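> At the far end of the sequence shown sits residue 122, using the numbering used here, and the numbering has no gaps. Glycine residues also receive a C-beta, built at the ideal position from the N, C-alpha and C atoms. Just so you know, these numbers come straight off a predicted model, no measurement behind them.
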Amino acid sequence: MRRRAILLAPMLLGILPTSAQAFPSEAEITALSTRFCTLESKETSDYEAVFFQEFGKWLNNGSITYAEIKDDVSR
48 MRRRAILLAP MLLGILPTSA QAFPSEAEIT ALSTRFCTLE SKETSDYEAV
98 FFQEFGKWLN NGSITYAEIK DDVSR
């Protein structure tokens with residue numbers, strides 16, 4: 048399950064067609080992977096919750112901006 052979740056993270060990022068400068072840093076991806084690997088639950092909803100928590104951090108840090116997401120979704 049954890050391996051599957053780690054493999055799904057890049058796919059989840061691929062759902063949002065964002066510009067190259069809008070991707071999280073390697074350290075941020077590593078932090079997400081680490082959280083996935085240490086998660087004891089096997090529930091998909093728990094992995095989604097972790098992803099969205101980290102995604103919120105990326106928005107707050109400016110790695111991904113709301114304007115970029117809104118612009119890409121409207122295309």
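1. My guess is that E95 and L79 are in contact by the Cβ rule of under 8 angstroms, so how many angstroms apart are they, rounded?
2. Within its chain, find whatever has a CB closer than 6 angstroms to the CB of P71; leave out the 5 residues flanking it on each side and keep chain order.
3. Work out the CA separation of A114 and V97 for me, nearest whole Å.
4. Count the other CB atoms within 10 Å of the CB of F99; is the residue buried (16 or more) or exposed (fewer)?
5. Specify the secondary structure class of E90 as computed by DSSP and reduced to three states.
In this structure, then:
1. Their Cβ separation, rounded to whole angstroms, is 12 angstroms, which puts E95 and L79 out of contact at 8 angstroms.
2. W105, S110
3. 23 angstroms
4. Here F99 is exposed, its C-beta having fewer than 16 other C-beta atoms within 10 Å.
5. coil
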